[in-house]
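If you count the sequence shown from 1, position 80 lands on 64 in this note's numbering, and the numbers rise without skipping.
We put the CB at the ideal spot given by N, CA and C, even for glycine.
Keep in mind it's a predicted model, so treat the numbers as computed, not measured.
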Amino acid sequence: MKPLRIHSPATAVALLFAALAAHPVWGDAQGPIPQTIALPAGDFQMGCLAGDPVCHDNEQPVHTVSLPAFAIGKTEVTFAQWDACVAAGGCAHAPNDAGWGRGKRPVVDVSWDDIQQYLAWLNQQTGAHYRLPSEAEWEYAARAGTTTAFSTGNCLTTDQANYSDSTDYPGCGAKSGVSLGKSQPVASYPANPWGLFDLHGNVWEWVQDCWHDSYTDAPADGAVWSSACTDSQQRGIRGGSLDSDPHFLRAAFRLRGLTDLRNASIGFRVARTLAPPRDIGQAQQPR
Ligand SMILES: [Ca+2]
C-alpha cells in the first residue's frame, strides 16, 4: 500500500490542475476549474427588444450581433474556485463573503481588476484562454435563443431566480414579496434553455467591455468592445442580483462600475475562447 502523502493546499491545487490538464476536461462543477459550456455560433438581437415594457436609452439601438462559437461558464465562479487561486498564491485578494458562506456560493467582493489577476492565474494553470465574456457574449448567453425580457419569458418568479421581489414587473401580476437577502449556491435555480445558470440574478456579473452610453457603433461580431469608450475607467456589469428589483434582471439591462469596485452583490463568470481572439484593441495570443 502506498503511503498517504499530505500536500499543502497550494501543492494539492497544482497537482489537481496537472491531473486535469492530462485529460480534455472543461472544468469540474466541484473543482477549481470553472465549468464551461461551448455555445454554437449564432445571431441575436442585442438591446431592448419590442414587447419589453421597460427599456433604457443605453440599451439602444437594438442591433444584430453575429458571434462565432465560444464557451462560457455554466455558473458564476464560486468562492471555492476563487479561494483555490488565493491558496495557490495566484490571487492577492481574499474576498469577504458577507457572512453568507463560501464553497459553492458565487464569489463576490471582487473587482474587475482582481478578476484579471484570477484569469491570468487560471490561464497559467490550464494553458487555456479563459477571460471575461464580452457584453454581447453575456447577453447572447442570457437570452439563450429567447427574445423576451427574461429567458423565462416576459415575467420572472422567485422560483426561477434569486432577486428581491419587492416590486412587480409590468404585466406579471402580484409580486411575491420574496427576498432571501443573500446569495444562493450556484445552480440552485433552473438552468436557462442552453443549460446555463443564474444569468438572471444571484450576483451581478462583470463583463470585459469598457462602458458605452449606447450601442451606436457597437461591434457586430460580439467581440469585446474596448475602444471609443464613454468611460474607460468603468466596465459593464450585467444580470441583477439578490437585492435587485426584477427589472434589473432583464437580459438587456446594463450597469457599470469602476474597475476597482468591490461589492457584496457583484461577481462574474468566465468565458473561454475557442477560436483566435477577436478582442478589438487588445492584442492577445491565439490558442
Ligand atoms: Ca448572475
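{"query": "Rounded separation between residue 29 and residue 63 - CA only", "result": "33 angstroms"}
{"query": "Near ligand 1: residue 184 beta-carbon under 8 angstroms from a heavy atom", "result": "yes"}
{"query": "Residue 8 - DSSP class collapsed to helix/strand/coil", "result": "Residue confidence is low: residue 8 scores 33 on pLDDT, short of 50, so the model does not pin down where it sits. Its coordinate-derived value is still stated next. Correct three-state label for residue 8: coil."}
{"query": "Length at least 3, wholly inside the region 11 to 46: the beta strand (DSSP E) runs in chain order", "result": "20 to 23 and 26 to 30"}
{"query": "Cβ-Cβ distance between residue 104 and residue 117 below 9 angstroms", "result": "no"}
{"query": "In DSSP terms, what residue 188 is bridged to", "result": "250"}
{"query": "Rounded straight-line distance, which links the Cα of residue 41 to that of residue 199", "result": "9 angstroms"}
{"query": "Check: residue 122 C-beta below 8 angstroms from any heavy atom of ligand 3", "result": "By its list of ligands, the structure shown excludes ligand 3, since it contains just ligand 1."}
{"query": "Distance between residue 183 and residue 245 (C-alpha atoms, nearest Å)", "result": "20 angstroms"}
{"query": "With 16 other Cβ atoms within 10 Å as the buried cut-off, status of residue 22", "result": "exposed"}
{"query": "Assigned exposure category for residue 67 - 16 Cβ within 10 Å defines buried", "result": "buried"}
{"query": "Length at least 3, wholly inside the region 130 to 202: the beta strand (DSSP E) runs in chain order", "result": "188 to 195"}
{"query": "Pair within 9 angstroms by beta-carbon distance, residue 203 and residue 38", "result": "no"}
{"query": "Spatially closest choice to residue 95 from 87, 133, 75 and 114, by CA coordinates", "result": "75"}
{"query": "Beta strand (DSSP E) segment containing residue 55, residue limits", "result": "54 to 57"}
{"query": "Per DSSP, cross-strand counterpart(s) of residue 82", "result": "Beta-bridge pairing links residue 82 to no other residue."}
{"query": "Residues sharing a beta bridge with residue 114, DSSP", "result": "256"}
{"query": "Identified DSSP bridge partners for residue 70", "result": "Paired residues: none, contrary to the question."}
{"query": "C-beta contact flag for residue 56 and residue 208 at 9 angstroms", "result": "no"}
{"query": "Close Cβ partners of residue 101 (< 6 angstroms) along its chain, the five nearest in sequence each way excluded", "result": "75"}
{"query": "Rounded C-alpha distance that separates residue 271 from residue 53", "result": "Reliability fails at residue 271, whose pLDDT of 30 lies under 50, so the model's placement of it is uncertain and the value that follows must be treated cautiously. Those two C-alpha atoms are separated by around 14 angstroms."}
{"query": "Whole-angstrom distance between residue 77 and residue 98, CA atom to CA atom", "result": "7 angstroms"}
{"query": "Three-state secondary structure assigned by DSSP to residue 245", "result": "coil"}
{"query": "Chain-order list of residues whose beta-carbon lies under 8 angstroms from that of residue 233 (same chain, five-residue window excluded)", "result": "134, 140, 145, 147, 184, 185, 223 and 224"}
{"query": "Proximity below 9 angstroms, CB of residue 220 to CB of residue 119", "result": "yes"}
{"query": "heavy atom of ligand 1 below 8 angstroms from residue 195 C-beta", "result": "no"}
{"query": "Alpha-carbon spacing of residue 6 relative to residue 247, whole angstroms", "result": "The predicted position of residue 6 is uncertain, since its pLDDT is 35 and thus under 50; no value can be drawn from it."}
{"query": "Rounded C-alpha distance that separates residue 8 from residue 151", "result": "Residue confidence for residue 8 is low, a pLDDT of 33 falling below 50, so the modelled location carries little weight; the figure read from the coordinates is stated next. Using only the alpha carbons, I get a separation of about 45 angstroms."}
{"query": "Residue 92 beta carbon near ligand 1 (any heavy atom closer than 8 angstroms)", "result": "no"}
{"query": "From 217, 188, 17 and 214, residue whose alpha carbon lies closest to that of residue 107", "result": "17"}
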